[in-house]
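Trainee:
Residue numbers (the numbering used here): 277 to 557.
Encoded structure:
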């Protein structure tokens, strides 16, 4: 077992105050821990990334199932607990780093984590915004409200809708507060992620999709025809509506991922790039 592996090292931590990772609660329910690893379908062929390893409750099980485990943790007391608990586990690398600065593996990997609730969205963006990374699947414990938002059939957040172009994101089950120590003040849930075998939109056009959805879902209550007319000519907009089977007055928040993929594909194919929407930075 080693503290660091150069291949996976992210940026160096800056001196001073530690990152604000409040909202982390440690799981102690052994049955639940095994279920989480099962949901990620971890096998001896897998490299597993664990973000926020804590005191190693999940890490220990992962070390028995996976080929390699990259356990990321910032808190020094937790690092010491991990080192003690995992003595002799040669397939575990403990990375003493800020979760948000760690470099994702350059080989295919699985993520299994009980993540800090205060940075849930930031972690999900790090994992899912770029479909060209090597994430294959995962099982993540998070705040229940975020889990519901990320797994909605018609998410209102543009970045969440974009994730659904490349990944299947499933709400598996709620998790009792009594499964944690200390118990969180909010309900929790387990979310399973699987990379789509057949993506709804090409990886190479990920930026175009993110920009398009940022524009299209800027006002979730806006009628579809209003959004389409901002990009397409009137005849083109009519053909697009007919292709996806949606009425002009339908609020854009009602559309699902496959419909948005068809609309963005029509834009890429038939609209000059100069007229494509751009995200505001």
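Just so it is clear, CB atoms sit at the ideal spot from N, CA and C, and this is done for glycine as well.
Just mark residue 556 as buried or exposed, buried being the case when its beta carbon has 16 or more other beta carbons within 10 Å.
Mentor: Along the chain shown, one-based indexing puts residue 556 at 280. Exposed, since its Cβ has fewer than 16 Cβ neighbours within 10 Å.
Trainee: According to DSSP, simplified to helix, strand and coil, what is residue 447?
Mentor: The residue labelled residue 447 in the question sits at position 171 within the chain shown. Note: residue 447 maps to strand in three-state DSSP.
Trainee: Are the CB atoms of residue 349 and residue 362 nearer to each other than 9 Å?
Mentor: By one-based count along the chain shown, residue 349 stands at place 73. By one-based count along the chain shown, residue 362 stands at place 86. No, they are not a contact pair.
Trainee: When you compare the region 419-432 with the region 368-376, are there three or more beta-carbon pairs, one atom per stretch, that lie closer than 8 Å?
Mentor: Because the criterion of three Cβ pairs below 8 Å is not met, the region 419-432 and the region 368-376 do not touch.
Trainee: Does chain C have any CB closer than 9 Å to the CB of residue 317?
Mentor: Absence of chain C from the displayed structure is noted, only one protein chain being present.
Trainee: With 16 other CB atoms within 10 Å as the buried threshold, where does residue 282 fall?
Mentor: For the purposes of this step, residue 282 is taken as the residue at position 6 of the chain shown. Note that residue 282 scores 37 on pLDDT, short of 50, meaning its location in the model is unreliable; the coordinates nonetheless yield the value given after this. Its Cβ having fewer than 16 others within 10 Å, residue 282 is exposed.
Trainee: In this structure, how does DSSP classify residue 498 when only helix, strand and coil are distinguished?
Mentor: Within the chain shown, the letter at position 222 stands for residue 498. In this structure, residue 498 counts as coil in the three-state DSSP scheme.
Trainee: Within this structure, are the beta carbons of residue 403 and residue 421 separated by less than 9 Å?
Mentor: Within the chain shown, residue 403 is the residue found at index 127, counting from 1. Within the chain shown, residue 421 is the residue found at index 145, counting from 1. No. Outside cutoff.
Trainee: According to DSSP, what are the bridge partners of residue 414?
Mentor: Locating residue 414 in the chain shown gives position 138, counting from the first residue. In the DSSP output, where bridge partners are listed per residue, residue 414 has 387, 469.
Trainee: Consult DSSP for residue 423 and reduce its assignment to one of helix, strand or coil.
Mentor: Here residue 423 is taken as the residue at index 147 of the chain shown, counted from 1. Residue 423 falls in the helix class under three-state DSSP.
Trainee: When you measure from the CB of residue 378 to every non-hydrogen atom of the ligand FMN, does any distance come out below 8 Å?
Mentor: Ligands displayed in this structure: none; no statement on the ligand FMN is therefore possible.
Trainee: Below 9 Å between beta carbons: does that hold for residue 418 and residue 457?
Mentor: Indexing the chain shown from 1 puts residue 418 at position 142. Indexing the chain shown from 1 puts residue 457 at position 181. Contact flag unset, no.
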